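Visitor: Next up is a structure, given as structure tokens.
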Amino acid sequence: MRLSSPAGMLRRLLGILIAVVVVLWPFAANAQAEDFPGQWQEMVTDAGACDTCWLAIRQHGPILKVSSSNGWFAFAHADLKARSGTANGIGRWSERARGHFGGKPFDVRLVIVDRQLHLDMVVLMDDGTKRAIRAIFDKGRPGKTARRVMVKS
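If you use the numbering used here, the sequence shown corresponds to residues -19 to 133, in order.
As structure tokens, then:
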């Protein structure tokens, strides 16, 4: 019986490790993105308290379709390769939305932090100025409060 040299065993072990990484990589790449889909309850916002506000996210590959209970929708692209739990996109408020946001376009950034969804929205107003809206959402844990305090920027 011939024993393998240590260098040969190391090469074989390294080959197996690389094969495992290649096979499991797609599952690891989707781990963060799988956190986005579902219904999220608004916990904290700087746009005025709303106990009944929520948003729903559906995912199709890296594309997220976001709709809200208070009259806006967006499409965002999740960064699956970086596994960062971050998505950036664009959206529009419904023409029927109350307040000054009706029909306005916006940029949106969604970030998952500690199983909570942080939303940063920048709305383009009619006079050319931009209005920032920040909110934190929670999913599947009714009765919990936001663990982070929003900081005015």
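In this text, a Cβ means the ideal position worked out from N, Cα and C, and glycines have one as well. These numbers were taken from a predicted model, which means no experiment stands behind them.
What three-state label does DSSP hand residue 79 in the structure shown?
Guide: Helix at residue 79.
Visitor: Quick check: what's the CA-CA separation for residue 113 versus residue 50?
Guide: When rounded, the distance between both Cα atoms is 13 Å.
Visitor: Given this structure, state the Cα-to-Cα distance separating residue 97 from residue 117, to the nearest angstrom.
Guide: Cα to Cα, the separation comes out at about 5 Å.
Visitor: According to DSSP, simplified to helix, strand and coil, what is residue 15?
Guide: Here residue 15 sits in helix by DSSP.
Visitor: When DSSP labels each residue in this structure, what does residue 45 get in the three-state scheme?
Guide: It is a strand residue.
Visitor: Quick one: grab the DSSP three-state call for residue 38.
Guide: Residue 38: strand per DSSP, three-state reduction.
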